[in-house]
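Visitor: For the sequence shown, the numbering used here gives the first residue as 10, with consecutive numbering after it.
We put the CB at the ideal spot given by N, CA and C, even for glycine.
If you're wondering where the values come from, they're calculated on a predicted model, not measured in any experiment.
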Amino acid sequence: MPKRPLRIGVLGGTFDPIHEGHLALARAAVEKLRLDRLIFIPAFQHPLKDKEEQTVASPQDRFEMVKLAIKDELKFEVSDFELKRKGISYTVDTLRQLRSQFPKPNEIFFITGGDWGKTLDQWKDIETIFSLAHFVVAKRPGFDIKNLPPRIELLDFVPLDVSSTQIRTCFNQGKDSSDLVPKSVLNYIHQKKLYR
Ligand code: ATP
10 MPKRPLRIGV
20 LGGTFDPIHE
30 GHLALARAAV
40 EKLRLDRLIF
50 IPAFQHPLKD
60 KEEQTVASPQ
70 DRFEMVKLAI
80 KDELKFEVSD
90 FELKRKGISY
100 TVDTLRQLRS
110 QFPKPNEIFF
120 ITGGDWGKTL
130 DQWKDIETIF
140 SLAHFVVAKR
150 PGFDIKNLPP
160 RIELLDFVPL
170 DVSSTQIRTC
180 FNQGKDSSDL
190 VPKSVLNYIH
200 QKKLYR
């Protein structure tokens with residue numbers, strides 16, 4: 010029997026740390042886009058976050074936290090593509106790499122939160138990105154996703170109002186963030202004394 014093409018979702022980010030907002034987005038993407046799998050790809054260095062916004066935890070710790078957060082989710086995977094490649098983690102390079110692994114007619118859905126929808130003119134080789142994958146923008150509290158270019162597909166779901174920045178601040182101030190990150194991740198952060 011011929012194999013049907015796969016539907017692969019890609020969620021890139023710094024995941025510093027991964028939180029329930031990422032997981033809610035990933036679950037909605039699997040359901041609404043009918044994905045066979047969703048690959049989390051932690052960035053080595055985000056191309057558009059400036060110095061102050063760059064990561065706090067090490068690449069290895071960010072990768073381990075994603076691994077812990079997704080261990081019970083059958084369709085979720087994590088890739089160390091960008092961490093191994095080092096340097097600036099351009100989406101176009103990652104999608105090219107993924108395309109060689111999943112050539113057409115397999116379908117790739119690159120998913121991003123609404124905060125990035127308005128920065129598209131700053132992305133490296135955006136037209137190539139559009140030719141390699143569907144570009145999906147998801148709702149995110151506080152970000153207007155109206156008037157996006159026609160190449161963009163919208164993922165409608167109920168997002169959680171949480172960010173990694175907010176979580177790092179909570180840890181830094183000794184506040185409780187147990188409902189914002191999975192328990193296994195919370196334990197890891199405590200064990201490794203991250204974000205203090
Ligand atoms: P930081 O606060 O450190 O900038 P972040 O919470 O935005 O981090 P990232 O790792 O940069 O987390 O996000 C990875 C991807 O997930 C991005 O495309 C981002 O827009 C999206 N995302 C993060 N949090 C949410 C959320 N609460 N709802 C919807 N999308 C989200």
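At the level of alpha carbons, what is the spacing between I117 and K12?
Guide: 16 angstroms
Visitor: So the candidates are F72, T100, S186; which of them puts its Cα closest to the Cα of Q175?
Guide: Proximity to Q175 across F72, T100, S186 peaks at S186, based on C-alpha coordinates.
Visitor: When the cut-off is 8 angstroms and only beta carbons count, does Q106 lie next to chain B?
Guide: This model lacks chain B altogether, as it is built from one protein chain only.
Visitor: Quickly, what does DSSP pair E162 with across the bridge? List them, please.
Guide: V145
Visitor: Is F72 near L92, with beta carbons less than 8 angstroms apart?
Guide: yes
Visitor: What's the C-alpha gap between E162 and T128?
Guide: 15 angstroms
Visitor: In its own chain, which residues sit with a C-beta less than 6 angstroms from the C-beta of A142, not counting the 5 before and 5 after it?
Guide: L104, I117, F119
Visitor: Leaving out five residues on either side along the sequence, give the residues of the same chain with a beta carbon under 7 angstroms from the beta carbon of P158.
Guide: L129
Visitor: Round the Cβ separation of K41 and L189 to the nearest angstrom and send it over; I've been treating them as touching at under 8 angstroms.
Guide: With a Cβ gap of about 23 angstroms, K41 and L189 do not count as contacting.
Visitor: Spatial neighbours of V194 within its chain, please: C-beta separation below 7 angstroms, excluding the five flanking residues on both sides.
Guide: P26, I27, M74, L77, A78
Visitor: Measuring CA to CA, which of L203, R160, Q131, S98 is closest to F180?
Guide: L203
Visitor: Check for me: the beta strand (DSSP E) holding E40 runs from which residue to which?
Guide: Segment 29–41 is the alpha helix (DSSP H) holding E40; no beta strand (DSSP E) there.
Visitor: Just to check, is the beta-carbon of V171 closer than 7 angstroms to a non-hydrogen atom of the ligand ATP?
Guide: Indeed, a heavy atom of the ligand ATP lies less than 7 angstroms from the Cβ.
Visitor: Return helix, strand or coil for I48, following the three-state DSSP convention.
Guide: strand
Visitor: Let me know if D70 comes out buried or exposed under the rule of 16 or more other beta-carbons within 10 Å of its beta-carbon.
Guide: buried
Visitor: State the Cα-Cα distance for the pair D170 and V145, rounded to the nearest angstrom.
Guide: 19 angstroms
Visitor: Assuming A147 and L34 are in contact, meaning their beta carbons sit under 8 angstroms apart, how far apart are those beta carbons, in whole angstroms?
Guide: 5 angstroms
Visitor: When DSSP builds the beta bridges, which residues end up paired with T121?
Guide: V146
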